[in-house]
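2 protein chains.
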Amino acid sequence: MSASRKLYVALSGGVGGAKLAQGLAQVLPADSLVVAVNVGDDFDHLGLTICPDIDTVLYTLAGVVHPQQGWGRTDETFGVFEELRRLGGDSWFLLGDRDIALHLLRRQLLQQGLTLSDVTAQLARKLGVDAAVVPITDQALRTMVETDQGRLAFQDYFVRLRCEPKLHALEFQGAGSATLAPAVRAALAHPDLAGVILCPSNPYLSVSPMLAVTELRERLCALTVPVIAVSPIVAGEAIKGPTAKIMRELGVQPTAGVIAELYEDFIDAVLIDTADASLATTDKRFVVAHTVMKTLEQKAALARECIALIERLGLRVT
Amino acid sequence: MSASRKLYVALSGGVGGAKLAQGLAQVLPADSLVVAVNVGDDFDHLGLTICPDIDTVLYTLAGVVHPQQGWGRTDETFGVFEELRRLGGDSWFLLGDRDIALHLLRRQLLQQGLTLSDVTAQLARKLGVDAAVVPITDQALRTMVETDQGRLAFQDYFVRLRCEPKLHALEFQGAGSATLAPAVRAALAHPDLAGVILCPSNPYLSVSPMLAVTELRERLCALTVPVIAVSPIVAGEAIKGPTAKIMRELGVQPTAGVIAELYEDFIDAVLIDTADASLATTDKRFVVAHTVMKTLEQKAALARECIALIERLGLRVT
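Listed in order, the protein sequences are those of chains V and Z.
Per my numbering, the first sequence starts with residue 107, numbered consecutively.
Per my numbering, the second sequence starts with residue 107, numbered consecutively.
1. For the stretch 194-227 of chain Z, which residues have a beta carbon sitting closer than 7 Å to at least one beta carbon of chain A?
2. Give the residues of chain V in contact with Z/Gly-153, contact being defined as C-beta atoms less than 8 Å apart.
3. Is the Cβ of V/Gly-185 closer than 8 Å to any Cβ of chain Z?
4. What is the C-beta distance between Z/Asn-144 and Z/Gly-119, in whole angstroms, given that I count them as a contact (C-beta under 8 Å)?
5. Restricting to Cα atoms, I'd like to know which of V/Lys-272, V/Leu-294, V/Ile-339 is closest to V/Ile-242.
6. Would you say V/Leu-190 lies against chain Z (beta-carbon separation less than 8 Å)?
7. Tell me where the beta strand (DSSP E) around Z/Val-225 begins and ends.
8. Please identify, using Cβ separations under 8 Å, the residues of the stretch 125-153 of chain V that lie next to chain Z, in order along the chain.
9. Out of Z/Ala-281, Z/Glu-252, Z/Ser-384, Z/Gly-169, point me to the one whose CA is closest to Z/Cys-269's CA.
10. Taking C-alpha atoms, which residue in Z/Phe-149, Z/Ala-289, Z/Met-250, Z/Leu-408 lies nearest to Z/Val-141?
11. Can you tell me whether Z/Val-143 is helix, strand or coil according to DSSP?
12. Drop a sphere of 10 angstroms on the beta-carbon of V/His-396, count the other beta-carbons inside from all chains shown, and report buried for 16 or more, exposed for fewer.
13. So, helix, strand or coil for Z/Pro-309, using DSSP?
14. What is the residue span of the beta strand (DSSP E) that V/His-151 lies within?
15. Quick one: residues in its chain with C-beta nearer than 7 Å to the C-beta of V/Arg-111, no 5 flanking neighbours on either side, listed in chain order?
16. Where does Z/Met-250 fall in DSSP's three states?
17. Could you pull the start and end residues of the beta strand (DSSP E) that Z/Asp-379 belongs to?
18. By a C-beta neighbour count over all protein chains shown, 10 Å radius and 16 as the cutoff for buried, is V/Arg-231 buried or exposed?
19. If you follow the beta strand (DSSP E) that Z/Arg-425 is in, where does it begin and where does it stop?
20. Mind checking whether V/Leu-125 and V/Lys-405 have CB atoms under 8 Å apart?
21. For V/Gly-153, is the classification buried or exposed, using 16 other Cβ atoms within 10 angstroms of its Cβ as the cut-off for buried?
22. Could you pull out every residue in the same chain whose Cβ sits closer than 8 Å to the Cβ of Z/Arg-179, ignoring the five residues on either side in sequence?
23. Provide the residue span of the beta strand (DSSP E) that contains V/Pro-135, from first to last.
24. What are the residues in the stretch 227-241 of chain Z lying within 9 Å of chain V by C-beta distance?
25. Is there contact between the stretch 306-317 of chain V and the stretch 335-345 of chain V, where contact requires at least three CB pairs shorter than 8 Å?
26. Look at the alpha carbon of Z/Pro-271 and the alpha carbon of Z/Ala-350, and state the distance between them as a whole number of angstroms.
27. Would you kindly report the start and end of the unbroken beta strand (DSSP E) that includes Z/Thr-155?
28. Between V/Val-313 and V/Leu-117, which are expected to be in contact by the criterion C-beta below 8 Å, what is the C-beta distance as a whole number of angstroms?
29. Return the bridge partner residues of V/Ile-334 from the DSSP annotation.
30. Excluding sequence positions up to five away, which residues of its chain have a Cβ less than 6 Å from the Cβ of V/Asp-148?
31. Out of Z/Phe-264, Z/Glu-277, Z/Asp-236, point me to the one whose CA is closest to Z/Met-250's CA.
32. How is Z/His-172 classed by DSSP in three states: helix, strand or coil?
33. From this set, V/Val-340, V/Thr-183, V/His-274, which residue's C-alpha is nearest V/Ala-383's C-alpha?
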């Protein structure tokens with residue numbers, strides 16, 4: 107840790123967030139990045155503890171994520187899953203063999219009494235990930251979904267029912283008593299902290315569960331360093347996933363502008379795509395960039411934009 | 107179930123027992139065979155519930171057992187295991203992907219409150235096994251091993267340390283309070299019961315844990331129908347596994363003759379191999395047969411020998 111180190115905290119959900127986290131890991135020294143990850147999607151399935159967003163971030167940073175899907179492992183095999191289906195087991199949640207190995211090991215380590223932070227750090231080391239990947243909290247925090255088909259556990263809604271039920275409301279079980287994971291708390295209070303980046307993740311399904319941890323929202327509001335977000339909405343649609351559909355169901359116009367409103371109590375700027383450049387003409391909080399990340403170069407370029415924006419805002423703040 | 111049905115109960119451990127069980131399943135109608143299986147080897151590993159003997163019996167009867175090993179699945183893949191090793195997880199117990207699928211499903215069904223009998227029946231059905239395969243007990247019964255390297259859980263001794271520690275004594279945790287699984291109890295009390303066959307399994311590691319269930323030993327002693335055993339010892343050596351080594355460590359001469367002594371309170375006859383034919387000249391309890399089973403034909407032939415022997419003994423008893 108050098109004297110001139112600048113520390114960045116990235117808040118990430120799954121696929122979209124992981125891409126920017128990978129970009130940040132490319133352009134920052136390993137000890138300068140803490141990726142705090144949503145755990146609202148976590149669930150117990152087949153006796154395994156599955157943490158979809160943590161896994162997507164780990165696999166992406168390790169360079170072993172399935173390139174087309176954006177989640178799961180590349181070069182994956184499905185021996186367990188195929189047999190499980192033959193034996194009449196649950197088959198609505200696709201699980202690859204390598205993925206299962208990680209879930210088995212995580213379950214075992216958790217049962218030995220390690221925190222989710224400890225387990226995630228151990229898995230990251232084994233996968234060759236240098237940046238700190240940390241769950242937003244070590245306590246159980248589970249997203250529940252109120253829909254026109256009733257109250258559903260998140261993965262029931264998201265994977266089993268493919269987000270088809272109409273969403274009425276979200277509830278984050280356990281958030282009331284959850285506290286930040288020690289490494290997240292330490293990073294947000296660290297004198298080297300240069301800024302916080304909300305990665306382009308679904309604001310309702312991925313970011314809201316994290317912000318439901320009161321300690322996080324309070325910390326973000328109290329920060330003197332810049333907090334920026336990258337909009338996951340481009341030209342009224344989400345790059346990936348059901349963000350736009352959910353926003354319509356919640357009666358919200360799916361535009362990049364909404365991102366600034368959702369985070370208005372703590373956000374300093376929102377990076378929006380060139381496709382939404384018109385927004386920036388009327389609202390100084392919006393900064394235009396190429397936010398679509400398909401290549402590693404595009405991820406690194408957007409990461410540099412984020413860091414540059416934090417630097418500019420930091421000069422303004424101090 | 108026909109009026110003239112004859113019911114046979116086979117007591118089996120792993121590989122050797124499973125071979126004879128397969129022979130019996132070949133030559134008997136499906137509703138005439140109950141295979142009661144040792145659970146002393148069962149253990150929890152990586153959050154999975156693994157029942158090595160039940161699995162070997164199921165895989166063997168389903169015709170999907172690895173033909174050379176005699177345990178595990180044929181056409182198995184090891185995606186999970188290889189990744190687990192890369193991640194630094196426990197790798198002393200080899201687990202194939204198909205095998206893991208079964209363990210995951212079993213753990214899930216047990217957690218839903220099903221008994222091990224129910225779960226085993228469901229897995230058997232899915233694997234296409236017609237004969238009833240039943241754990242000897244639904245209660246936890248765990249073999250512990252006192253050795254020159256201390257007290258060890260069975261799989262620590264058997265797999266991790268490859269039976270290398272010198273064995274002093276065996277303890278069957280939970281046996282004192284364990285009762286027979288309902289289907290085993292019902293079969294042993296059934297008016298159609300024609301006889302009981304102790305398959306050629308390790309008398310100490312596989313049969314003793316079953317006999318440690320007091321209810322079983324008492325039932326066997328009280329039976330009026332014949333109880334026979336097939337010796338797992340041929341010419342002073344075990345066909346497979348550490349039986350002979352263990353007998354020597356326990357100060358017992360590893361001969362087929364010992365089998366009759368171990369079971370003397372309930373046994374009517376012991377099938378011994380042609381290699382040990384001399385035993386039969388002095389002790390009428392020994393009956394000579396070809397006990398080495400390499401082919402399905404040999405398994406079926408030995409099964410027929412068992413049934414014929416029970417029939418002859420049955421005539422003598424009544």
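The beta-carbon is built from N, C-alpha and C at its ideal position, and this holds for glycine as well.
Looking at the atomic coordinates:
1. This model lacks chain A altogether, as its protein chains are V and Z.
2. Position 47 of the second sequence, counted from the first residue, corresponds to residue 153 of chain Z. Result: Gly-153, Leu-154, Leu-210, Arg-213, Gln-214, Gln-217.
3. Translated into the one-based positions of the first sequence, residue 185 of chain V becomes position 79. True, the Cβ-Cβ gap to chain Z drops below 8 Å.
4. Locating residue 144 of chain Z in the second sequence gives position 38, counting from the first residue. Locating residue 119 of chain Z in the second sequence gives position 13, counting from the first residue. Rounded, the Cβ-Cβ distance is 5 Å, consistent with contact.
5. What you label residue 242 of chain V is simply residue 136 of the first sequence in a count that begins at 1. With distances taken between Cα atoms, V/Ile-242 lies closest to V/Leu-294.
6. Translated into positions along the first sequence, residue 190 of chain V becomes position 84. Output row for V/Leu-190: interface = yes.
7. Working through the second sequence from its first residue, we reach residue 225 of chain Z at position 119. No beta strand (DSSP E) contains Z/Val-225, which is instead part of the alpha helix (DSSP H) from 222-233.
8. Leu-152, Gly-153
9. By one-based count along the second sequence, residue 269 of chain Z stands at place 163. The option with the nearest alpha carbon to Z/Cys-269 is Z/Glu-252.
10. Against the second sequence, residue 141 of chain Z aligns to sequence position 35. When each option's Cα is compared against that of Z/Val-141, the closest is Z/Ala-289.
11. Translated into the one-based positions of the second sequence, residue 143 of chain Z becomes position 37. Strand.
12. Here residue 396 of chain V refers to the residue found at position 290 when the first sequence is read from its first residue. It is exposed - the Cβ of V/His-396 has fewer than 16 other Cβ atoms within 10 Å.
13. Translated into positions along the second sequence, residue 309 of chain Z becomes position 203. Of the three classes helix, strand and coil, the one that applies to Z/Pro-309 here is helix, per DSSP.
14. Looking up residue 151 of chain V in the first sequence gives position 45. That run of the beta strand (DSSP E) goes 149-151.
15. Here the question's residue 111 of chain V lines up with position 5 in the first sequence. Result list for V/Arg-111: Asp-137, Ser-138, Asp-298, in chain order.
16. Taking the first residue of the second sequence as 1, we reach residue 250 of chain Z at position 144. In this structure, Z/Met-250 counts as strand in the three-state DSSP scheme.
17. Here the question's residue 379 of chain Z lines up with position 273 in the second sequence. Unbroken beta strand (DSSP E) run through Z/Asp-379: 375-379.
18. If you number the first sequence from 1, residue 231 of chain V lands on position 125. With fewer than 16 other Cβ atoms within 10 Å, it is exposed.
19. With chain Z running from 107 to 424 in the structure shown, residue 425 of chain Z is simply not present.
20. As a first step, residue 125 of chain V is located in the first sequence; it is residue number 19 there, counting from the start. As a first step, residue 405 of chain V is located in the first sequence; it is residue number 299 there, counting from the start. It is Lys, not Leu, that sits at residue 125 of chain V in the sequence shown. Their beta carbons are under 8 Å apart, which means V/Lys-125 touches V/Lys-405 by this criterion.
21. Sequence index remark: in the first sequence, residue 153 of chain V carries index 47 (1-based). V/Gly-153 comes out buried.
22. The residue labelled residue 179 of chain Z in the question sits at position 73 within the second sequence. Tyr-165, Val-170, Val-171, His-172, Gly-202, Arg-204, Asp-205.
23. Residue numbering aside, residue 135 of chain V sits at position 29 when the first sequence is read from its first letter. Per DSSP, V/Pro-135 belongs to no beta strand (DSSP E) and is neither H nor E.
24. Gln-228, Leu-229, Arg-231, Lys-232, Leu-233
25. yes
26. Counting from 1 along the second sequence, the entry for residue 271 of chain Z is found at position 165. Counting from 1 along the second sequence, the entry for residue 350 of chain Z is found at position 244. Z/Pro-271 and Z/Ala-350: Cα-Cα distance of roughly 14 Å.
27. Numbered from 1 along the second sequence, position 49 holds the residue referred to as residue 155 of chain Z. Z/Thr-155 -> beta strand (DSSP E) spans 154-156.
28. As a first step, residue 313 of chain V must be located in the first sequence, where it is residue number 207. As a first step, residue 117 of chain V must be located in the first sequence, where it is residue number 11. Confirmed, Cβ separation roughly 7 Å.
29. Residue mapping note: residue 334 of chain V aligns to position 228 of the first sequence, counting from 1. For V/Ile-334, which the question treats as bridged, DSSP gives the partners V/Ile-303, V/Ala-375.
30. As a first step, residue 148 of chain V must be located in the first sequence, where it is residue number 42. Closer than 6 Å at Cβ, skipping near neighbours: Cys-157.
31. The count along the second sequence starts at 1 and reaches residue 250 of chain Z at position 144. Closest by alpha carbon: Z/Glu-277.
32. The residue given as residue 172 of chain Z occupies position 66 in the second sequence. If DSSP states are grouped into helix, strand and coil, Z/His-172 belongs with coil.
33. On the first sequence, residue 383 of chain V is found 277 positions in, with the first residue counted as 1. Minimum Cα distance to V/Ala-383 is reached at V/Val-340.
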